[in-house]
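Heads up, the thing below is written out as structure tokens.
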Amino acid sequence: MKVRCEACWGVVSPGLAAASVSTLCLLPPVCRGGGEQMKAREMCRKVGYPRDLPQISLIFIFVNEALSVILRSVHSAVNHTPAHLLKEIILVDDNSDDEQLKGPLEEYVNKRYPGLVKIVRNQKREGLIRARIEGWKVASAEVTGFFDAHHDTFEVERYENSGHGYNWELWCMYINPPKQWWDEGDASAPIRHDPTPAMIGCSFVANRDYFGELGLLDSGMDVYGGENIELGIRVWLCGGSMEVLPCSRVAHIARVKKPYHSNIAYHTRRNALRVAEVWMDEYRSNVYLAWNIPMENHGIDYGDISQRVALRKSLQCKSFEWYLENVYPEMRRYNNTLFYGEIRNSKVSHLCMDQGIKENHTATLHPCHGWGPQLGRYTKEGQLFLGPLGSTGEDTRCVVDDQLSSFPQLINCDRVTNAKQMTWHFSQNESIVNQATGRCLEVVPANVYFGHLLILQPCTGQRWIIKNTMKQ
136 MKVRCEACWG VVSPGLAAAS VSTLCLLPPV CRGGGEQMKA REMCRKVGYP RDLPQISLIF
196 IFVNEALSVI LRSVHSAVNH TPAHLLKEII LVDDNSDDEQ LKGPLEEYVN KRYPGLVKIV
256 RNQKREGLIR ARIEGWKVAS AEVTGFFDAH HDTFEVERYE NSGHGYNWEL WCMYINPPKQ
316 WWDEGDASAP IRHDPTPAMI GCSFVANRDY FGELGLLDSG MDVYGGENIE LGIRVWLCGG
376 SMEVLPCSRV AHIARVKKPY HSNIAYHTRR NALRVAEVWM DEYRSNVYLA WNIPMENHGI
436 DYGDISQRVA LRKSLQCKSF EWYLENVYPE MRRYNNTLFY GEIRNSKVSH LCMDQGIKEN
496 HTATLHPCHG WGPQLGRYTK EGQLFLGPLG STGEDTRCVV DDQLSSFPQL INCDRVTNAK
556 QMTWHFSQNE SIVNQATGRC LEVVPANVYF GHLLILQPCT GQRWIIKNTM KQ
């Protein structure tokens, strides 16, 4: 059984005035362009579909959305879906405050589309994840499609046909389809298998009963962020598959002001820990590493996961290692890590090692904040990395003593010809000593920003701490 994801995701950030244009606005064809884009459109036009496909329930989630934006999404769905296949449209109101979304919305859809549109109203703000589940509960068609209620745009920014991947923070990323897909030369063909290990969360379709048997979305997650990654992992591990459909083109309005928590990373981090603890086995440490969270006593309540653990057991799902080997082999693994997090010198503990301006290729010092540029990682091989984790590409760089400069260099590890130059002797609360030169990473007072420089010099006994110790 498959979960299918729409392609050609466009974004636009309109003001309210623009959003309030006629609810019957007709858009020009999306994904315009020449060459390969034109070829892809022509191929899609030639694709034939059987008439007797299963009916679909389209589920739109909204909270304090402009009324005209919701209605344009409804009109677009009706205009672009064969009438005999569209069983119903379900609008899930996640406890909006706007009075226009109550009586006026109901009056309009009941008059314009009698019997076609259902409105579900949450009594409290649930977040996108649980709101989608509420929509699924009332859906009656064989197939369910899940969408945000802002898909009808005035202009689009296209992206190339892509699979949907993610990094270890569980943020969705776009990844290149496999060579086999390109070699086939059919831009209308579904993008399957290895390149689609997950999906974007704003538009996907699944068989209703299968989605329920699979466990829906994780209702223990909050708001949104990570649920689309969790679903992708679960589908693959538990016997299903995902594919992106290039001929199914769905736009998306990127809202300037989010209706939920202003810091969505707060919820994504919590949700990511649920995914790690339920599904990732020994690779869960990569999620803690990416978020710079200690693996023990981190103080983050990710909720009760016992039902999700039981679900994995009852579905007889495979190991996460199988997933990495067979579905997402491009994903980089960091299980050779000994210590990770901010790197502090005992003399100036308010400053942390930082990758600084990337173009300078020099490690520096900066007031500690613990985010990506200060994410350090010391490995079993004695290498010291600095910077945010990559997913399919290496974003971090090795700290190197090139024997020429008095400052530590940040260089892509595969470009370092002398391995000893990027190898360091280190234990917690000890010096960091380069194997090639015997010089130490140390800090000295200087007339610069923040008052100190990070340099390489003969060791004077300065001590360093890397915040977290990896627990496998």
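Note that this note's numbering gives residue 503 to position 368 of the sequence shown, counting from 1, and the numbers run on in steps of one.
Every residue, glycine too, gets a C-beta built ideally from N, C-alpha and C.
Around Gln570, the same chain offers Lys555 and Thr558 as residues with beta carbons nearer than 6 Å, after the five sequence neighbours per side are excluded. C-alpha of Glu290 to C-alpha of Ala386: approximately 9 Å in a straight line. Nearest in C-alpha terms to Gln544, of all of Phe520, Cys337, Arg207 and Ile264, is Phe520. With 16 or more other CB atoms across the displayed protein chains lying within 10 angstroms of its CB, Val535 is buried. Residue range Phe455 to Asn461 is occupied by the alpha helix (DSSP H) that includes Phe455. Restricting attention to Gly505, Leu305, Glu277 and Asn471, the CA atom closest to the CA of Cys487 is found in Gly505. In the DSSP annotation of this structure, the continuous segment of the beta strand (DSSP E) that includes Arg479 starts and ends at Thr472 to Asn480. Taking C-beta separations shorter than 6 Å and ignoring five residues to either side along the sequence, Arg176 has no partners in its chain. Burial of Val227 is indicated by the presence of at least 16 other C-beta atoms within 10 angstroms of its C-beta.
Closest option to Asn470, judged by alpha-carbon separation, among Gln442, Leu524, Val551 and Arg479: Leu524.
Inter-segment contact for the region 370-377 and the region 446-456 is present: three or more beta-carbon pairs are separated by less than 8 Å.
Annotation: the continuous alpha helix (DSSP H) that includes His210 extends over Leu202 to Asn214. Taking all protein chains shown into account, Leu576 has 16 or more neighbouring C-beta atoms within 10 Å of its C-beta and is therefore buried. The three-state secondary structure of Cys373, taken from DSSP, is coil. By the CB criterion at 8 Å, Ile225 and Val273 fall inside the cutoff.
Of the candidates Glu200, Val182 and Val252, Val252 places its Cα closest to the Cα of Leu193. The residue among Asn245, Ile254, Glu277 and Phe282 with its C-alpha nearest the C-alpha of Leu263 is Phe282. DSSP links Trp599 through a beta bridge to Asn480 and Glu565. Residue state for Ser449 is assigned as helix, using DSSP reduced to three classes.
The C-beta separation of Asp357 from His299 comes to about 22 Å, leaving the pair out of contact by the 8 Å criterion. By the Cβ rule, the region 415-429 does not count as touching the region 380-395, because fewer than three pairs are nearer than 8 Å. Annotated as distal: Ile601 and Gly507, with beta-carbon spacing of 8 Å or more. Val583 counts as exposed, since fewer than 16 other C-beta atoms from the protein chains shown sit within 10 angstroms of its C-beta.
The C-beta of Tyr359 has 16 or more other C-beta atoms within 10 Å across all chains shown, which makes the residue buried. Nearest Cα to Thr604 within the set Ser338, Trp303, Gly476 and Lys246: Gly476. Rounded to whole angstroms, the gap between the alpha carbons of Glu304 and Thr216 is 36 Å.
Where Gly511 is concerned, the enclosing beta strand (DSSP E) starts and stops at Gly511 to Thr514.
By a beta-carbon distance limit of 8 Å, Ile399 does not contact Tyr301. Their separation comes to about 15 Å.
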